[in-house]
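All remarks here apply to the structure that follows.
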Amino acid sequence: MSGRRTSALTALLDEAAQGLWRARRMTVVSVLQIAVSVFLVGVFFLTAENLRGIVETVKDETAVTVFLKAAASEEEKAEIERLAMESRLVARSRRVSTQEAGARFAATWQSLARASSSLASSPFPETIELDLLPDATRSEALPGFLSLLAARKGADDVQFDVDWIRRLRGAVALIAVWGGAVGFFLALGAVFTIANVVRLTILLHRDEIDILRLVGAPEYLIRGPFLIGGLAQGFLGGTLAVGVLYLAFRGVLRYVSATHNVLIGAFIVRFLPPSACALLVVGGLLAGVIGGSIAVRKKHLQA
Amino acid sequence: MSGRRTSALTALLDEAAQGLWRARRMTVVSVLQIAVSVFLVGVFFLTAENLRGIVETVKDETAVTVFLKAAASEEEKAEIERLAMESRLVARSRRVSTQEAGARFAATWQSLARASSSLASSPFPETIELDLLPDATRSEALPGFLSLLAARKGADDVQFDVDWIRRLRGAVALIAVWGGAVGFFLALGAVFTIANVVRLTILLHRDEIDILRLVGAPEYLIRGPFLIGGLAQGFLGGTLAVGVLYLAFRGVLRYVSATHNVLIGAFIVRFLPPSACALLVVGGLLAGVIGGSIAVRKKHLQA
Amino acid sequence: MIELYHVQKDFRGKRVLRDVSFQMSRGDFVFLTGPSGAGKTTLLKLLFRAEQPSDGQILVNGMNVGAMPPSRIPELRRTMGIVFQDYKLLPTRTVFENVSFVLKFLGVPTQERKRRAYQTLRMVELHHRLSAFPEELSGGEQQRVALARALINEPELLIADEPTGNLDRRLAEEVMKLFTAINVRGTTVLLATHDQDLIRGSGRRCLTLDRGRVLEGLVEPSAPPPAALLERGGPLAEGEP
Amino acid sequence: MIELYHVQKDFRGKRVLRDVSFQMSRGDFVFLTGPSGAGKTTLLKLLFRAEQPSDGQILVNGMNVGAMPPSRIPELRRTMGIVFQDYKLLPTRTVFENVSFVLKFLGVPTQERKRRAYQTLRMVELHHRLSAFPEELSGGEQQRVALARALINEPELLIADEPTGNLDRRLAEEVMKLFTAINVRGTTVLLATHDQDLIRGSGRRCLTLDRGRVLEGLVEPSAPPPAALLERGGPLAEGEP
Ligand SMILES: Nc1ncnc2c1ncn2[C@@H]1O[C@H](COP(=O)(O)OP(=O)(O)OP(=O)(O)O)[C@@H](O)[C@H]1O
Ligand SMILES: Nc1ncnc2c1ncn2[C@@H]1O[C@H](COP(=O)(O)OP(=O)(O)OP(=O)(O)O)[C@@H](O)[C@H]1O
Ligand SMILES: [Mg+2]
Ligand SMILES: [Mg+2]
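Residue numbers (my numbering), protein chains in the order written: chain E, 16 to 318; chain S, 16 to 318; chain D, 5 to 245; chain Y, 5 to 245.
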């Protein structure tokens with residue numbers, strides 16, 4: 016019994032390997048096709064992942080800056096802070112001293128740090144930065160609140176570019192919804208493409224399958240090789256896609272940092288986490304297996 | 016001669032139509048496959064087109080705002096403007112009066128216009144907006160220039176968030192390069208997929224082609240139907256893709272404007288121009304024709 | 005071994021077999037003949053469930069073939085050796101693989117498969133083309149590969165549809181000797197053919213199909229062909245429902 | 005019409021035809037026979053350039069077939085009617101389309117095509133199956149469709165490879181009558197067959213191939229078969245380079 020089982024498994028693996036090898040050009044093309052599809056989905060994942068990072072950064076930037084008069088007393092400053100925190104519009108308040116503002120400026124323009132520190136009067140007044148709560152920009156109370164702040168004694172000016180933030184918000188929302196739609200279409204396209212290629216491949220083998228059935232080949236030896244083949248192709252394609260995606264990612268990153276001289280670290284630019292990579296490989300693998308099993312399903316009774 | 020020619024053309028068209036109809040399921044699938052591929056490329060085009068719009072908006076936003084003291088004299092103001100224009104960093108200078116700033120604010124927060132105008136003291140000081148030249152943010156002279164402006168008599172404060180703009184610039188650069196790479200991969204994937212599907216389809220007809228050759232069918236009647244078929248499928252697929260793309264675009268737009276309550280008009284959100292649509296359809300059409308002609312090319316001598 | 009009771013077969017309303025009944029016992033050797041389009045191939049297809057009967061009952065080896073669940077079909081076919089009229093060789097596999105494939109799923113080890121494939125191909129004089137592909141073979145050679153595939157497993161039942169149509173007289177006679185030998189060893193043989201010479205020379209029982217009806221005749225060796233039956237044969241009657 | 009001079013054909017070093025020379029004039033009717041694997045089909049394939057000769061010269065209708073540019077092949081084939089040993093019917097087209105396709109690219113209008121297809125199919129007794137697909141036909145019916153396709157165009161040269169292998173005796177004789185009739189109307193006929201009865205009954209010139217060599221013999225009606233030639237025939241000699 017055990018000997019017989021082993022031999023059935025051997026026959027199955029043997030058939031699968033032979034099948035892939037006999038149609039080796041087709042095998043390569045199928046693997047590439049799956050890789051291309053998985054790759055495109057991966058590109059989307061990667062883009063979405065990093066766009067999300069940027070969007071989060073943007074969200075954090077919805078801050079109000081209160082410029083303080085140089086002469087403002089500590090009490091006046093504290094009152095502004097208290098007012099802000101009581102407003103139900105502000106998440107966090109932060110005091111930025113003249114020195115700190117200068118240091119910030121120096122940090123981003125390092126080469127010019129000296130020039131800045133050698134200026135007679137510091138161009139940076141002390142400020143209070145307020146992080147707004149997520150929905151504050153849409154609140155009807157905001158304009159009044161801003162006026163109120165500006166009218167405080169210690170406040171010199173209140174800076175809040177509503178228009179700009181509103182636009183950015185719109186853009187982010189648009190990108191998010193559009194990105195979701197694109198991702199949906201991409202995944203759909205990939206599934207459709209892989210299924211289609213597998214279907215066509217098996218249509219090519221239709222006569223062979225009919226003959227195998229006619230000579231009484233057991234179903235596991237007819238379907239099995241297609242399933243194993245689909246699995247192997249899907250796995251290879253998925254892995255290939257993730258590998259190429261990683262290389263493409265590193266390439267683009269290197270190109271951008273070389274030509275634009277930006278400290279990419281400022282953004283959360285990162286590759287897909289291992290779990291997402293695994294998901295992509297599994298996706299390719301599943302596509303191969305499901306395509307294979309669907310295509311072999313029918314025509315059981317006839318011929 | 017003319018009668019014979021007509022009949023050859025008739026035979027050709029007849030064969031092409033019959034071929035498509037005989038394999039109608041396959042025809043539908045091929046059209047869909049081409050549509051999916053063209054659609055994905057179209058999605059990318061559309062995204063790129065609109066992202067470009069946003070990026071341009073962002074570029075325009077690299078402005079320096081000089082807040083003027085309420086007491087600043089006209090001479091002082093003019094001097095600041097002159098200084099700005101002489102700096103070789105500034106593209107345009109624009110004065111924004113208190114009224115204008117209030118109106119802007121009111122325009123974006125229409126429902127709150129009254130509240131704003133009823134405030135005792137206007138929260139909006141008069142400002143001068145300076146549009147920087149494209150490379151100004153990278154110029155070493157910028158910090159000094161900003162300090163200089165701030166030190167002017169009429170100037171109350173100079174607002175310029177270098178850090179934020181630097182980040183945005185980096186993001187835009189990254190998105191542009193990455194987008195280019197994605198577009199390249201997408202187009203490559205689409206071409207590969209269409210060619211692959213056409214190749215598989217013709218492999219399915221291999222025996223038929225061999226037989227037609229054996230009974231002496233002229234090449235135009237063997238290849239012609241595949242070319243015409245490819246052309247028709249490509250055209251249908253391309254048109255379908257552009258149509259669905261338009262519908263998807265409108266759908267997303269409607270969804271975003273309904274849920275986010277933003278005046279999309281603030282951005283240059285637009286569908287692809289007719290030329291790009293035509294390009295997509297022609298792309299699908301060419302893919303079909305080229306795929307068809309490549310696949311029928313070989314095996315001329317043998318059989 | 006084979007029992008047919010009132011079997012009918014219609015294709016799209018066209019009756020191809022009408023009220024066919026006959027029995028064969030284990031170890032029998034029976035010819036099936038009849039003019040082109042009489043229904044020979046259709047009758048054979050019913051036996052291995054490549055078609056289902058429109059009416060009537062078919063028993064093969066005690067199994068009700070017409071009504072068996074699809075999952076049991078492979079099992080049924082594995083007890084048979086079948087020579088198809090159009091050979092049905094796998095175009096992407098060599099002669100050796102085509103012939104030995106059936107042994108693979110019976111769990112026969114590779115060495116043994118090779119040995120038996122060689123032996124069987126030797127019987128049809130094709131042992132020198134083991135590694136050729138079907139398209140590199142002549143018509144007659146392909147037919148002999150199909151034959152070898154059916155014989156390699158020493159099946160309980162051998163169904164052969166026109167197995168000598170592309171063979172010259174000498175090879176045809178060799179093949180008939182093979183069938184006789186395998187029949188002596190216990191295999192039941194049902195052989196469809198047009199070749200009256202083969203039937204005449206054998207003295208076996210012979211079923212004649214004519215327009216879907218079965219007429220039985222036992223032909224003695226060296227007896228004249230059953231002209232009365234044959235001359236009636238023509239192409240299928242037109243448009244009979 | 006057909007001239008072969010010292011033609012050789014090798015497949016991967018295996019010599020299938022060796023030094024074959026023969027001539028046929030316009031209007032001739034010649035049989036080609038020989039055991040299975042002798043090279044009959046290969047010889048015919050050379051005539052319509054489905055294969056190229058390894059050596060020697062082939063002239064058909066004055067055209068040097070072995071050396072002609074690929075672009076002229078369709079033209080060559082259109083002057084011929086060819087019956088392939090394995091039929092080569094288009095599986096996705098009906099009997100009518102299969103038969104009338106060759107008229108399509110000769111510019112024959114639809115009505116005329118229909119008329120001629122019906123007439124030709126009537127000659128092979130298949131006019132009632134005009135709209136059937138090949139897989140719905142019996143082996144012999146398929147063979148007759150292949151025959152009709154070759155005949156419909158009243159070609160200058162008819163090449164038939166085993167055209168009666170799946171036909172019963174009565175139909176085979178009908179087909180031979182057809183060939184004789186078409187030959188009388190001027191078509192040159194070259195017919196490969198194993199069926200010695202067909203050759204015997206005709207009294208035509210007969211080329212016999214044996215292991216790639218051609219042996220010529222004219223068989224008189226009712227004369228005994230050329231046993232001396234035939235009995236030598238066996239399967240292909242092994243491994244000859
Ligand atoms: N799938 C089908 N659909 C419709 N008609 C069919 C189908 N299969 C067979 N037939 C018809 O049934 C009749 C009998 O066919 P069958 O193949 O059994 O004949 P046969 O006796 O084997 O003939 P031959 O000697 O020519 O092979 C034929 O007229 C054929 O056209
Ligand atoms: N493409 C090929 N590659 C290798 N060998 C081939 C090829 N085609 C034919 N042969 C071999 O050439 C020999 C002659 O083949 P051919 O088909 O001409 O024989 P035939 O006389 O037509 O036989 P049959 O009567 O069986 O049809 C055979 O042994 C065959 O195996
Ligand atoms: Mg039959
Ligand atoms: Mg042959």
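Every residue, glycine too, gets a C-beta built ideally from N, C-alpha and C.
On the criterion of 16 or more Cβ atoms from any shown chain inside 10 Å, does residue i qualify as buried, or is it exposed?
i: Q89 (chain D); result: buried
i: S135 (chain D); result: exposed
i: W193 (chain S); result: buried
i: L202 (chain Y); result: buried
i: R126 (chain D); result: exposed
i: H220 (chain E); result: buried
i: V43 (chain E); result: exposed
i: E116 (chain D); result: exposed
i: K181 (chain Y); result: exposed
Nearest by alpha-carbon distance to residue i: which of the options is it?
i: E64 (chain S); options: S:G195, S:S102, S:Q48; result: S:G195
i: G299 (chain S); options: S:V213, S:I237, S:K92; result: S:V213
i: E166 (chain D); options: D:M72, D:E158, D:A176; result: D:A176
i: L93 (chain D); options: E:I224, E:M100, E:F199, E:I49; result: E:I224
Does chain D have any CB closer than 9 Å to the CB of residue i?
i: F137 (chain Y); result: no
i: P39 (chain Y); result: yes
For chain Y, check one thing: does any of its Cβ atoms lie closer than 9 Å to the Cβ of residue i?
i: L278 (chain S); result: Low local confidence applies: a pLDDT of 43 at L278 (chain S) is under 50, so the model's placement there is unreliable, and no value is given.
i: N170 (chain D); result: yes
i: P167 (chain D); result: no
i: D14 (chain D); result: no
i: Q317 (chain S); result: Summary for Q317 (chain S): the model assigns pLDDT 37, below 50, so the residue's position carries little reliability; its value from the coordinates is reported in the next sentence. Yes, because at least one Cβ of chain Y sits closer than 9 Å to the Cβ of Q317 (chain S).
i: E64 (chain S); result: no
i: P233 (chain S); result: yes
Determine the extent of the alpha helix (DSSP H) in which residue i is found, giving its start and end residues.
i: E101 (chain D); result: 99 to 108
i: K92 (chain Y); result: Element bounds for K92 (chain Y): n/a, residue is neither H nor E.
Any heavy atom of ligand 3 closer than 8 Å to the CB of residue i?
i: S44 (chain D); result: Contrary to the premise, residue 44 (chain D) reads as Lys rather than Ser in this sequence. Flag set: Cβ of K44 (chain D) near ligand 3.
i: N170 (chain D); result: no
i: A196 (chain D); result: yes
For ligand 1, is there a heavy atom less than 8 Å away from the beta-carbon of residue i?
i: F15 (chain D); result: yes
i: S142 (chain Y); result: yes
Would you say residue i faces chain E, with C-beta separation under 9 Å as the test?
i: A135 (chain S); result: Here the model assigns A135 (chain S) a pLDDT of 45, short of 50, so the residue's position is not dependable, and the following value carries that caveat. Yes, A135 (chain S) lies at the interface with chain E (some Cβ there is under 9 Å from its Cβ).
i: S75 (chain D); result: yes
i: A71 (chain D); result: no
i: L222 (chain D); result: Residue placement at L222 (chain D) is poorly supported in this model, since its pLDDT is 49, which falls under 50; the coordinates are not used for a value here.
i: G18 (chain S); result: In this prediction, G18 (chain S) scores a pLDDT of 49, lower than 50, which makes its location untrustworthy; no coordinate-derived value is stated.
i: R204 (chain D); result: no
Tell me the residue span of the beta strand (DSSP E) that contains residue i.
i: M5 (chain Y); result: Looking at the DSSP string, M5 (chain Y) is not in any beta strand (DSSP E), and its letter there is neither H nor E.
i: T192 (chain Y); result: 192 to 196
i: F35 (chain Y); result: 33 to 37
i: Q61 (chain D); result: 59 to 64
i: A136 (chain Y); result: Careful: A136 (chain Y) lies outside any beta strand (DSSP E) and carries neither H nor E.
i: R119 (chain Y); result: Premise fails: R119 (chain Y) lies in the alpha helix (DSSP H), 114 to 127, not in any beta strand (DSSP E).
Using 9 Å as the limit for Cβ to Cβ distance, is residue i near chain A?
i: A196 (chain E); result: This model lacks chain A altogether; the protein chains it does include are E, S, D and Y.
Examine chain S for any beta-carbon lying closer than 9 Å to the beta-carbon of residue i, and answer yes or no.
i: I163 (chain Y); result: no
i: T113 (chain E); result: no
i: L8 (chain Y); result: no
i: M28 (chain Y); result: no
Beta carbon of residue i: closer than 8 Å to some heavy atom of ligand 4?
i: D290 (chain Y); result: The first residue shown for chain Y is 5 and the last is 245, placing residue 290 (chain Y) beyond what the model contains.
Does ligand 5 have a heavy atom nearer than 8 Å to the CB of residue i?
i: E145 (chain D); result: For ligand 5, the structure offers nothing, since it holds only ligand 1, ligand 2, ligand 3 and ligand 4.
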